[in-house]
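Trainee:
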Amino acid sequence: MQLIENILGKKNNIKVLRHLIKHKNWQFNITELAKDIYINKGVLSRLIDDLEKENVIRVSKKGKIKLFSINKENLFIKTTIIPLFEKEDIFYYEILDKFVKKIKKNAISVIAYGSVVSKEIKLTSDIDILVIIDKKNKILEDKINKLKEEFLDNDLLLRVDLINIKELRKLYKIKEPFMVSLIKNHKTLYGKPLMEMVK
520 MQLIENILGK KNNIKVLRHL IKHKNWQFNI TELAKDIYIN KGVLSRLIDD
570 LEKENVIRVS KKGKIKLFSI NKENLFIKTT IIPLFEKEDI FYYEILDKFV
620 KKIKKNAISV IAYGSVVSKE IKLTSDIDIL VIIDKKNKIL EDKINKLKEE
670 FLDNDLLLRV DLINIKELRK LYKIKEPFMV SLIKNHKTLY GKPLMEMVK
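Below is the structure:
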(Lines of atoms letter the chains of each structure in order from A; the text may use other names.)
(Lines give C-alpha, C1' and ligand atoms only; values in the text may rest on other atoms or scores of the structure.)
Protein backbone atom coordinates (compact mmCIF):
# COMPACT_ATOMS: atom_id res chain seq x y z
CA MET A 520 0.00 0.00 0.00
CA GLN A 521 1.47 3.34 -1.09
CA LEU A 522 -1.23 5.82 -0.20
CA ILE A 523 1.11 8.26 1.52
CA GLU A 524 3.65 8.23 -1.33
CA ASN A 525 0.93 8.76 -3.92
CA ILE A 526 -0.61 11.66 -2.02
CA LEU A 527 2.43 13.40 -0.53
CA GLY A 528 5.20 12.15 -2.81
CA LYS A 529 6.18 15.53 -4.29
CA LYS A 530 6.97 18.83 -2.62
CA ASN A 531 4.50 20.60 -4.90
CA ASN A 532 1.77 18.11 -3.94
CA ILE A 533 2.32 19.11 -0.32
CA LYS A 534 2.09 22.83 -1.20
CA VAL A 535 -1.19 22.23 -3.02
CA LEU A 536 -2.68 20.11 -0.24
CA ARG A 537 -1.58 22.46 2.52
CA HIS A 538 -3.33 25.36 0.80
CA LEU A 539 -6.48 23.41 -0.07
CA ILE A 540 -6.78 22.10 3.50
CA LYS A 541 -6.33 25.60 4.95
CA HIS A 542 -9.23 26.68 2.73
CA LYS A 543 -11.16 23.42 2.70
CA ASN A 544 -14.56 25.02 2.16
CA TRP A 545 -13.38 26.89 -0.93
CA GLN A 546 -13.20 25.90 -4.61
CA PHE A 547 -10.17 27.14 -6.54
CA ASN A 548 -9.42 27.54 -10.23
CA ILE A 549 -5.93 26.96 -11.66
CA THR A 550 -5.05 30.66 -12.06
CA GLU A 551 -6.11 31.51 -8.52
CA LEU A 552 -4.23 28.65 -6.85
CA ALA A 553 -1.09 29.09 -9.00
CA LYS A 554 -0.92 32.72 -7.85
CA ASP A 555 -1.50 31.82 -4.18
CA ILE A 556 1.19 29.11 -3.95
CA TYR A 557 3.65 30.35 -6.60
CA ILE A 558 3.53 27.30 -8.88
CA ASN A 559 3.57 27.53 -12.68
CA LYS A 560 0.07 26.96 -14.12
CA GLY A 561 1.21 24.16 -16.44
CA VAL A 562 2.92 22.28 -13.60
CA LEU A 563 -0.08 22.85 -11.33
CA SER A 564 -2.51 21.60 -13.96
CA ARG A 565 -0.63 18.28 -14.18
CA LEU A 566 -0.54 18.00 -10.38
CA ILE A 567 -4.28 18.58 -10.18
CA ASP A 568 -4.88 15.83 -12.75
CA ASP A 569 -2.72 13.42 -10.71
CA LEU A 570 -4.42 14.30 -7.43
CA GLU A 571 -7.85 13.93 -9.03
CA LYS A 572 -6.90 10.42 -10.27
CA GLU A 573 -5.88 9.53 -6.69
CA ASN A 574 -9.28 10.83 -5.47
CA VAL A 575 -7.51 13.37 -3.24
CA ILE A 576 -9.31 16.35 -4.74
CA ARG A 577 -12.76 16.89 -6.18
CA VAL A 578 -13.03 18.62 -9.56
CA SER A 579 -16.13 20.28 -10.98
CA LYS A 580 -16.78 22.63 -13.90
CA LYS A 581 -18.45 26.01 -13.99
CA GLY A 582 -18.82 26.74 -17.68
CA LYS A 583 -15.30 26.30 -19.08
CA ILE A 584 -13.61 26.87 -15.73
CA LYS A 585 -12.34 23.85 -13.80
CA LEU A 586 -12.83 24.20 -10.03
CA PHE A 587 -11.30 21.95 -7.41
CA SER A 588 -11.18 21.45 -3.66
CA ILE A 589 -9.87 18.90 -1.17
CA ASN A 590 -11.97 15.72 -1.11
CA LYS A 591 -13.39 16.04 2.42
CA GLU A 592 -15.69 13.04 1.90
CA ASN A 593 -12.94 10.45 1.46
CA LEU A 594 -12.40 8.67 4.78
CA PHE A 595 -8.59 8.47 4.50
CA ILE A 596 -8.30 12.14 3.56
CA LYS A 597 -10.75 13.13 6.31
CA THR A 598 -9.18 11.08 9.12
CA THR A 599 -5.48 11.12 8.19
CA ILE A 600 -4.38 13.75 5.66
CA ILE A 601 -6.47 16.72 6.82
CA PRO A 602 -5.62 16.21 10.54
CA LEU A 603 -1.91 15.88 9.66
CA PHE A 604 -1.80 19.33 8.03
CA GLU A 605 -4.02 20.89 10.68
CA LYS A 606 -1.74 19.54 13.42
CA GLU A 607 1.30 20.97 11.63
CA ASP A 608 -0.29 24.40 11.83
CA ILE A 609 -0.98 24.36 15.58
CA PHE A 610 1.56 21.91 17.02
CA TYR A 611 4.08 24.41 18.39
CA TYR A 612 1.42 26.78 19.71
CA GLU A 613 -0.23 23.90 21.59
CA ILE A 614 2.99 23.03 23.40
CA LEU A 615 3.82 26.70 24.00
CA ASP A 616 0.40 27.14 25.58
CA LYS A 617 1.49 24.70 28.32
CA PHE A 618 4.66 26.76 28.85
CA VAL A 619 2.67 30.01 29.08
CA LYS A 620 0.21 28.60 31.62
CA LYS A 621 3.07 27.73 33.98
CA ILE A 622 4.82 31.13 33.89
CA LYS A 623 2.19 33.77 33.06
CA LYS A 624 1.54 34.67 36.70
CA ASN A 625 5.01 36.26 36.86
CA ALA A 626 5.11 37.82 33.37
CA ILE A 627 3.75 40.99 31.80
CA SER A 628 3.83 39.40 28.37
CA VAL A 629 5.06 36.26 26.60
CA ILE A 630 6.02 36.63 22.94
CA ALA A 631 7.02 34.07 20.33
CA TYR A 632 9.28 35.14 17.46
CA GLY A 633 11.62 33.71 14.84
CA SER A 634 10.95 30.60 12.77
CA VAL A 635 7.96 29.40 14.80
CA VAL A 636 6.12 32.60 13.82
CA SER A 637 7.43 32.91 10.25
CA LYS A 638 6.36 29.27 9.69
CA GLU A 639 9.87 28.32 8.57
CA ILE A 640 10.47 26.12 11.60
CA LYS A 641 12.27 22.80 11.21
CA LEU A 642 12.61 19.92 13.66
CA THR A 643 16.13 21.19 14.40
CA SER A 644 15.05 24.81 15.04
CA ASP A 645 15.07 26.63 18.36
CA ILE A 646 11.70 27.79 19.66
CA ASP A 647 12.31 31.46 20.45
CA ILE A 648 10.41 33.09 23.31
CA LEU A 649 10.69 36.52 24.89
CA VAL A 650 9.29 36.97 28.40
CA ILE A 651 8.72 40.57 29.50
CA ILE A 652 8.92 41.18 33.25
CA ASP A 653 8.81 44.22 35.52
CA LYS A 654 11.69 43.13 37.79
CA LYS A 655 14.20 40.31 38.25
CA ASN A 656 12.48 37.18 39.51
CA LYS A 657 14.59 34.21 40.61
CA ILE A 658 11.54 31.95 41.06
CA LEU A 659 10.49 32.63 37.46
CA GLU A 660 14.03 32.00 36.16
CA ASP A 661 14.16 28.64 37.97
CA LYS A 662 10.74 27.70 36.64
CA ILE A 663 11.77 28.55 33.07
CA ASN A 664 15.00 26.54 33.37
CA LYS A 665 13.01 23.54 34.57
CA LEU A 666 10.56 23.89 31.66
CA LYS A 667 13.45 24.16 29.18
CA GLU A 668 14.76 20.85 30.50
CA GLU A 669 11.31 19.27 30.08
CA PHE A 670 11.19 20.50 26.47
CA LEU A 671 14.70 19.15 25.88
CA ASP A 672 13.59 15.73 27.15
CA ASN A 673 11.20 15.78 24.17
CA ASP A 674 13.97 16.91 21.77
CA LEU A 675 12.59 20.46 21.62
CA LEU A 676 15.04 23.31 22.13
CA LEU A 677 13.31 26.19 23.89
CA ARG A 678 15.28 29.43 23.94
CA VAL A 679 13.85 31.92 26.41
CA ASP A 680 15.07 35.48 26.92
CA LEU A 681 13.88 37.46 29.94
CA ILE A 682 13.77 41.23 29.54
CA ASN A 683 12.74 44.04 31.84
CA ILE A 684 10.02 46.26 30.38
CA LYS A 685 12.18 49.40 30.87
CA GLU A 686 15.02 47.78 28.93
CA LEU A 687 12.54 46.78 26.20
CA ARG A 688 11.42 50.40 25.81
CA LYS A 689 15.04 51.57 25.72
CA LEU A 690 15.86 49.12 22.90
CA TYR A 691 12.79 50.29 20.98
CA LYS A 692 13.79 53.96 21.26
CA ILE A 693 17.29 53.37 19.90
CA LYS A 694 15.89 51.13 17.13
CA GLU A 695 18.08 48.20 18.20
CA PRO A 696 18.15 45.67 15.28
CA PHE A 697 16.67 42.84 17.37
CA MET A 698 13.70 45.07 18.28
CA VAL A 699 13.15 46.13 14.67
CA SER A 700 13.09 42.45 13.65
CA LEU A 701 10.87 41.49 16.61
CA ILE A 702 8.24 44.11 15.75
CA LYS A 703 7.99 42.75 12.20
CA ASN A 704 7.85 39.08 13.19
CA HIS A 705 6.23 38.11 16.49
CA LYS A 706 3.11 36.67 18.07
CA THR A 707 1.83 37.57 21.52
CA LEU A 708 1.09 34.35 23.41
CA TYR A 709 0.03 36.06 26.61
CA GLY A 710 -0.37 39.52 28.08
CA LYS A 711 0.07 42.99 26.65
CA PRO A 712 0.74 43.47 22.91
CA LEU A 713 4.32 44.45 22.11
CA MET A 714 3.53 47.88 20.62
CA GLU A 715 1.44 48.78 23.65
CA MET A 716 4.40 48.09 25.94
CA VAL A 717 7.09 50.00 24.05
CA LYS A 718 5.22 53.28 23.65
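To get this note's numbering, take the position in the sequence shown, counting from 1, and add 519.
Ideal Cβ placement from N, Cα and C applies to all residues, glycine included.
Cutting at 7 Å between CB atoms, please list the residues of its own chain near L687, excluding the five before and the five after it.
Mentor: As a working note, residue 687 is residue 168 in the sequence shown. Within the same chain, L687 has close Cβ partners I651, M716, V717.
Trainee: For the alpha helix (DSSP H) that contains K606, what are its first and last residues?
Mentor: The count along the sequence shown starts at 1 and reaches residue 606 at position 87. Taken as a continuous stretch (DSSP letters only), the alpha helix (DSSP H) holding K606 covers 601–622.
Trainee: Would you kindly work out how many angstroms separate the C-alpha atoms of N558 and K706, rounded to a whole number?
Mentor: Stepping through the sequence shown from its first residue, residue 558 is reached at position 39. Stepping through the sequence shown from its first residue, residue 706 is reached at position 187. One detail in the question is off: residue 558 reads as Ile in this sequence, not Asn. Taking the straight line from one Cα to the other gives about 29 Å.
Trainee: Say whether the stretch 663–676 touches the stretch 614–627, bearing in mind that this needs 3 or more beta-carbon pairs closer than 8 Å, one atom from each stretch.
Mentor: yes
Trainee: The alpha helix (DSSP H) spanning G561 covers which residue range?
Mentor: In the sequence shown, residue 561 corresponds to position 42, counting from 1. Where G561 is concerned, the enclosing alpha helix (DSSP H) stretches over 560–572.
Trainee: What are the boundary residues of the alpha helix (DSSP H) that V636 is part of?
Mentor: Against the sequence shown, residue 636 aligns to sequence position 117. V636 -> alpha helix (DSSP H) spans 634–637.
Trainee: Could you give the C-beta distance for L677 and I648, rounded to a whole number, given that I count them as a contact under 8 Å?
Mentor: Counted from its first residue, the sequence shown places residue 677 at position 158. Counted from its first residue, the sequence shown places residue 648 at position 129. Approximately 7 Å separates the beta-carbon atoms of L677 and I648; this is inside 8 Å, confirming the contact.
Trainee: At which residue ranges does the stretch 683–713 contain complete alpha helix (DSSP H) runs of 4 or more residues, listed in the order of the chain?
Mentor: With a minimum length of 4 residues, the continuous alpha helix (DSSP H) runs that stay inside the stretch 683–713 are 684–692, 696–703.
Trainee: Ignore the nearest five residues each way along the sequence and tell me which others in K671's own chain have a CB closer than 8 Å to its CB.
Mentor: The residue you call residue 671 lines up with position 152 of the sequence shown. Going by the sequence as given, residue 671 is Leu instead of Lys. Result list for L671: L677, in chain order.
Trainee: How many angstroms separate the CA atom of I540 from the CA atom of E607?
Mentor: The residue you call residue 540 lines up with position 21 of the sequence shown. The residue you call residue 607 lines up with position 88 of the sequence shown. One C-alpha to the other measures close to 12 Å.
Trainee: Cβ of I576 within 9 Å of Cβ of S588?
Mentor: Residue mapping note: residue 576 aligns to position 57 of the sequence shown, counting from 1. Residue mapping note: residue 588 aligns to position 69 of the sequence shown, counting from 1. In contact: I576 and S588 (Cβ atoms closer than 9 Å).
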